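Undergrad: Can you keep this structure in mind? I'll have questions shortly.
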Amino acid sequence: MLRSRKSALTQILNNRQLTTLIQPIVDLSSVLPMGYEALIRGPAGNLHSAGSLFKCASNYGLLKVLEAACLENAMAAARQIPIDKKVFINTNPSLMAEISGIKRDLSLIDSFPGRIVFEITEHVKVQDFMHVSRTCKMLKERGFLIAIDDVGSGYDRLRSVAELRPDFIKIDRPIVSGAAVDEQYQAIVKHLVALGAEIKCSVIAEGIETAYELAMMKKLGVTLGQGFFFSRPVQLKEIQKGADNFCQAKGL
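As structure tokens, this is what we get:
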């Protein structure tokens, strides 16, 4: 069983069986996409989800190979996304710490600065902060942007905001849903919006699933959002019909 999972992942990587789905990140005032998050998927089966892919890769020492393949796929997707839209690419902070490796990978995307956003999706370990901070500084100097995922989910995420100087912070889904019904969560969102204004970074509400959650985020001052209310992750061909289709399908 264990060997078969490793073999399956190796086959996926060797045969280039990874695919990229995209999910819009929407300007809440116009309800139009300002960018898209690139989300990796494997073929149908036990290694379809990003979580299962990365867990398996971690177990068998294939994280670097998988991360490089994901970056390559995301760059291919970026070339098919309208040039005026940003492309958010998930990245692992422990791998970002390996500056020499990420510099090699950047040769793939140096033609995309200003629209590529590296989204830090996992918690940064204390011992990695110096290295990850240095890498983020190097990326920003080259014109790339930084986002931090799941802000509000713990102290280390707030430390990441302070240390890494992101251009975007993403509010964790439980806080977004909680704010729809609870004043304490609403206060947290207000503070994160104020923090974003103070440090000059945009705030994105993740996991918006209802019209009420959308209305609440707008009321609390959030300007950008993402979630199933706007669109589930879709194939790239969907945006070739026009970026407005995501919103038209909802009648927004």
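So the number in this note's numbering is just where the residue sits in the sequence shown, counting from 1, plus 837. Just so it is clear, CB atoms sit at the ideal spot from N, CA and C, and this is done for glycine as well. Because the structure is a prediction, the values reported are computed rather than measured.
(1) With three or more beta-carbon pairs closer than 8 Å as the criterion, would you say the stretch 840-856 touches the stretch 1038-1047?
(2) By the DSSP assignment, the alpha helix (DSSP H) with R878 in it spans what residues?
(3) Using a Cβ-Cβ distance cut-off of 8 Å, determine whether T856 contacts chain C.
(4) Could you spell out where the alpha helix (DSSP H) holding P1011 opens and where it closes?
(5) Taking I1025 as part of the alpha helix (DSSP H), name the residues at either end of that continuous run.
(6) Within this structure, are the beta carbons of V863 and L1029 separated by less than 8 Å?
(7) Please classify M838: does DSSP put it in a helix, a strand, or coil?
(8) Go through its chain and collect everything with a Cβ distance to K923's Cβ below 8 Å, but skip five positions before and after it.
(9) When DSSP labels each residue in this structure, what does T928 get in the three-state scheme?
(10) Compare the Cα-Cα distances from V1071 to each of N852, Q860, Q1021, L884 and report the closest residue.
(11) Out of curiosity, what's the CA-to-CA distance linking S867 and A1017?
(12) Just to confirm, is the Cβ distance from N883 to R842 under 8 Å?
(13) Expressed to the nearest angstrom, what Euclidean distance is found between the alpha-carbon atoms of I1012 and G1064?
(14) Since L908 is in the alpha helix (DSSP H), which residue starts that stretch and which ends it?
(15) Is the beta carbon of P930 less than 8 Å from the beta carbon of D965?
(16) Expressed to the nearest angstrom, what Euclidean distance is found between the alpha-carbon atoms of L899 and L858?
(17) Since I believe E909 is in contact with N927 (beta carbons under 8 Å), could you give me their beta-carbon distance rounded to a whole number of angstroms?
(18) Spell out the partners DSSP gives D1095 in its beta bridges.
(19) What are the start and end residues of the alpha helix (DSSP H) that includes V969?
(20) Looking only at its chain, what residues have a beta carbon closer than 8 Å to the beta carbon of V902, apart from the 5 residues adjacent to it on each side?
(21) Within a Cβ cutoff of 7 Å, which residues of the same chain sit near G879, ignoring the five residues on either side of it in sequence?
(22) For the beta strand (DSSP E) that contains E956, what are its first and last residues?
(23) In three-state DSSP terms, what is T856?
(24) At what residues does the alpha helix (DSSP H) containing L982 begin and finish?
TA: Quick look at the numbers:
(1) no
(2) Start at 1 with the first residue of the sequence shown, and residue 878 comes out as number 41. R878 -> not in any alpha helix (DSSP H); beta strand (DSSP E) instead, spanning 869-878.
(3) No chain C is part of this structure, which consists of one protein chain only.
(4) The sequence position of residue 1011 within the sequence shown is 174, counting from 1. Run containing P1011: 1010-1016, per the alpha helix (DSSP H) assignment.
(5) As a position in the sequence shown, residue 1025 is number 188, starting the count at 1. Its alpha helix (DSSP H) spans residues 1020-1036.
(6) Numbered from its first residue, the sequence shown carries residue 863 at position 26. Numbered from its first residue, the sequence shown carries residue 1029 at position 192. Contact flag unset, no.
(7) Within the sequence shown, numbered from 1, the residue matching residue 838 stands at position 1. Here M838 scores only 49 on pLDDT, less than 50, and its place in the model is too uncertain to base an answer on.
(8) Counting from 1 along the sequence shown, the entry for residue 923 is found at position 86. Closer than 8 Å at Cβ, skipping near neighbours: I862, M871, G872, Y873, R952, I953, V954, L982.
(9) Numbered from its first residue, the sequence shown carries residue 928 at position 91. Of the three classes helix, strand and coil, the one that applies to T928 here is strand, per DSSP.
(10) Position 234 of the sequence shown, counted from the start, is the residue given in the question as residue 1071. For the residues N852, Q860, Q1021, L884, the minimum Cα distance to V1071 belongs to Q860.
(11) Counting from one through the sequence shown, the residue named residue 867 turns up at place 30. Counting from one through the sequence shown, the residue named residue 1017 turns up at place 180. About 21 Å.
(12) Locating residue 883 in the sequence shown gives position 46, where the first residue counts as 1. Locating residue 842 in the sequence shown gives position 5, where the first residue counts as 1. Contact flag set, yes.
(13) One-based indexing of the sequence shown puts residue 1012 at position 175. One-based indexing of the sequence shown puts residue 1064 at position 227. I1012 and G1064: Cα-Cα distance of roughly 13 Å.
(14) Walking along the sequence shown from the start, residue 908 turns up at place 71. Taken as a continuous stretch (DSSP letters only), the alpha helix (DSSP H) holding L908 covers 900-915.
(15) In the sequence shown, counting from the first residue as 1, residue 930 sits at position 93. In the sequence shown, counting from the first residue as 1, residue 965 sits at position 128. Yes, Cβ-Cβ distance for P930 and D965 is below 8 Å.
(16) Against the sequence shown, residue 899 aligns to sequence position 62. Against the sequence shown, residue 858 aligns to sequence position 21. Cα to Cα, L899 sits roughly 22 Å from L858.
(17) Here residue 927 corresponds to residue number 90 of the sequence shown, with the count starting at 1. Here residue 909 corresponds to residue number 72 of the sequence shown, with the count starting at 1. Not quite, the Cβ-Cβ distance comes to about 14 Å (not below 8 Å), so this is no contact.
(18) With the chain represented from 838 up to 1089, any question about residue 1095 goes unanswered, as that position is not in the structure.
(19) Taking the sequence shown and counting its residues from 1, one reaches residue 969 at position 132. 966-978 is the extent of the alpha helix (DSSP H) around V969.
(20) As a working mapping, residue 902 is identified with position 65 in the sequence shown. So the list reads L850, A894, once near-sequence residues are dropped.
(21) Start at 1 with the first residue of the sequence shown, and residue 879 comes out as number 42. Excluding positions up to five away in sequence, the list reads I849, Q854, L855, H885, L890.
(22) Here residue 956 refers to the residue found at position 119 when the sequence shown is read from its first residue. First-last of the beta strand (DSSP E) with E956: 953-957.
(23) Locating residue 856 in the sequence shown gives position 19, where the first residue counts as 1. The answer is strand: DSSP assigns T856 an E or B state.
(24) Taking the first residue of the sequence shown as position 1, residue 982 is located at position 145. No alpha helix (DSSP H) contains L982, which is instead part of the beta strand (DSSP E) from 982-988.
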